[in-house]
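S.K.: Heads up, the sequence shown is in my numbering, so the first residue is -2 and it goes up one at a time.
Glycine included, C-beta positions come from ideal geometry on N, C-alpha and C.
Fair warning: this is a prediction, and the values are worked out from it, not measured in the lab.
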Amino acid sequence: MKRTKGGVHLPLRSLRQNRVALLLYLLLTFFGTELVFLFEWERTLVLGIPPCVADVLCQLLTTYFFKTIAGLATAYLVLCMTKYDFTVPFILRQRDKRSMWLRQCGRIAGICLFTAVFVLAVVCLQGRLAGEAWINWGEYGSRYFATNEALRPGLPFARVAAAVGLGVFLMLYFLCLLWLLCRWLTDRHLAGWLVILVWVTVDGDLGVPVFIGKLDFSLYEWAPSAAPEWRLLPILAGCLALLAAGYAFAKRKDFLRVQQK
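(1) Judging by CA-CA distance, which residue of 64, 139, 73, 129 is the nearest neighbour of residue 198?
(2) Going by Cα to Cα distance, which pick from 238, 19, 54 is closest to residue 33?
(3) Alpha helix (DSSP H) containing residue 115: first to last residue?
(4) Which whole-angstrom value describes the C-beta separation of residue 174 and residue 239, a residue pair presumed to lie in contact below a C-beta threshold of 8 Å?
(5) Using C-beta distances below 6 Å, list every residue in its chain close to residue 172, excluding the 5 sequence neighbours before and after it, in chain order.
(6) Taking residue 133 as the reference, which of 74, 118, 91, 157 has the closest Cα?
(7) With distances taken from CA atoms, which of 143, 42, 170 is nearest residue 71?
(8) If you measure between the beta carbons of residue 165 and residue 121, is that distance less than 7 Å?
(9) Apart from the five residues on each side of it in sequence, which residues of its chain come closer than 8 Å, Cβ to Cβ, to residue 154?
(10) Pull up the distance between the alpha-carbon of residue 75 and that of residue 229, whole angstroms please.
(11) Which residues in the same chain have their Cβ closer than 7 Å to the Cβ of residue 206, if we skip the five residues on either side of it in sequence?
(12) Report all residues from its chain with a CB closer than 8 Å to the CB of residue 242; omit the five preceding and five following residues, and keep chain order.
(13) With a CB to CB cut of under 6 Å and the five nearest residues on each side skipped, what residues in its chain are close to residue 162?
(14) In chain order, what residues of the same chain lie with their CB nearer than 8 Å to the CB of residue 244, ignoring the 5 residues before and after it?
(15) DSSP three-state call for residue 75: helix, strand or coil?
(16) At the level of alpha carbons, what is the spacing between residue 106 and residue 236?
(17) Can you tell which of 187, 59, 184, 66 has its C-alpha closest to the C-alpha of residue 218?
(18) With DSSP as the reference, label residue 249 as helix, strand or coil.
(19) By alpha-carbon positions, which one of 21, 195, 216, 181 ends up nearest to residue 248?
See the structure below:
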């Protein structure tokens, strides 16, 4: 294990391992985002409608494939960033396990924020390379008009991108907090992976929307005068609940007893 001069525990044993983990995470996230982009772009062109970048962004959080791949890829990077936090030498240096939990949650927030920005960058760059507009919802030939039979001129692209970006961030943060809490509760990695798959499937795809399923920013939700940003509130509450649950449990966690088994 490597440590900085101040004794701060580094997430991975070597720079090489860090690069491999980061590369795999980026490739998986790019792959998931790119497939959604290509599918939505081609589907719009087949209909004879000029696509725009905002159209694709709005479909990201309604796609089961993207939510699953992005969630698992980000949780994998979280695993790499926290795997040595649960070793005896590191635990012995921790005066307060609740602070350890909060630091891990802070690192996860940074990873999820980076992922959300990365996803937005991939979609925006690909759309601009294709030579299409950022947003064309004020035009009669747009996919927005075909969906809502109305126009919404003047809606800033930045507002759509910000809503979707925050949605991606909160979705990933929620899933990674679930994974981390399962890691603390069970002292195993597998439980967290299973929970992510089950939660995304049931909440996000099988019509039982609680948190992830509420993150619907499809074109219907952007009907004239609508403000779909309220859909961020349920999953924000879910993230806060997971943070509080982990903080409460961390005080009673006995890592050394588990290590001695």
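M.R.: On the basis of the supplied data:
(1) Within the sequence shown, numbered from 1, the residue matching residue 198 stands at position 201. The candidate whose alpha carbon is nearest that of residue 198 is 64.
(2) For this step, residue 33 is matched to residue 36 along the sequence shown. The option with the nearest alpha carbon to residue 33 is 54.
(3) Translated into positions along the sequence shown, residue 115 becomes position 118. Its alpha helix (DSSP H) spans residues 94 to 126.
(4) As a working note, residue 174 is residue 177 in the sequence shown. As a working note, residue 239 is residue 242 in the sequence shown. The Cβ separation is near 4 Å, so the contact holds.
(5) The residue labelled residue 172 in the question sits at position 175 within the sequence shown. Closer than 6 Å at Cβ, skipping near neighbours: 68, 193.
(6) Within the sequence shown, numbered from 1, the residue matching residue 133 stands at position 136. It is 157.
(7) Taking the sequence shown and counting its residues from 1, the one referred to as residue 71 is at position 74. The option with the nearest alpha carbon to residue 71 is 170.
(8) Residue 165 sits at position 168 when you count from the first residue of the sequence shown. Residue 121 sits at position 124 when you count from the first residue of the sequence shown. Cβ distance not < 7 Å, so residue 165 and residue 121 don't count as in contact.
(9) Within the sequence shown, numbered from 1, the residue matching residue 154 stands at position 157. Correct list, in chain order: 50, 51, 131, 132.
(10) Position 78 of the sequence shown, counting from 1, holds the residue named residue 75. Position 232 of the sequence shown, counting from 1, holds the residue named residue 229. C-alpha separation (whole angstroms): 23 Å.
(11) Indexing the sequence shown from 1 puts residue 206 at position 209. Same-chain partners within the cutoff: 200.
(12) Reading the sequence shown from its first residue, position 245 is the one you call residue 242. Closer than 8 Å at Cβ, skipping near neighbours: 178.
(13) Residue 162 sits at position 165 when you count from the first residue of the sequence shown. For residue 162, where only same-chain residues beyond five positions count, the Cβ hits under 6 Å are 113, 117.
(14) Looking up residue 244 in the sequence shown gives position 247. For residue 244, where only same-chain residues beyond five positions count, the Cβ hits under 8 Å are 95, 98, 99.
(15) If you number the sequence shown from 1, residue 75 lands on position 78. Three-state result, residue 75: helix.
(16) Taking the sequence shown and counting its residues from 1, the one referred to as residue 106 is at position 109. Taking the sequence shown and counting its residues from 1, the one referred to as residue 236 is at position 239. Using only the alpha carbons, I get a separation of about 11 Å.
(17) Translated into the one-based positions of the sequence shown, residue 218 becomes position 221. Residue 218 has its Cα closest to that of 59, out of 187, 59, 184, 66.
(18) Working through the sequence shown from its first residue, we reach residue 249 at position 252. The answer is coil: DSSP assigns residue 249 none of H, G, I, E or B.
(19) As a first step, residue 248 is located in the sequence shown; it is residue number 251 there, counting from the start. Nearest C-alpha to residue 248: 181.
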